[in-house]
Amino acid sequence: MAIDALPETQRMAIVLRRYEEMPYEEIGEVLELSVPAVKSVLFRARAKLRERLRRYLNCLDEVR
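For the sequence shown, our numbering begins at 2 and goes up steadily by one.
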């Protein structure tokens, strides 16, 4: 799974935001980060996920 390949902090931030629907402030408390740091971690994590999934998503576009 692509998310499993992320560094722990990035993985946790994605899970807490996307699946637990936590606000940035709460994620910051859990991960002991400021809100701007949480946003930065999430930005980098999403970029890594997009890159890892790019080939897969391109294949899906070709099938359609």
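C-beta: ideal position from N, C-alpha, C; glycine also. Keep in mind it's a predicted model, so treat the numbers as computed, not measured.
In the structure shown, what three-state DSSP assignment does residue i receive?
i, result
"residue 37", "helix"
"residue 7", "coil"
"residue 23", "coil"
"residue 13", "helix"
Between residue i and residue j, what straight-line distance do the alpha-carbon atoms span, to the nearest angstrom?
i, j, result
"residue 60", "residue 39", "32 Å"
"residue 10", "residue 52", "18 Å"
"residue 34", "residue 54", "27 Å"
"residue 14", "residue 32", "8 Å"
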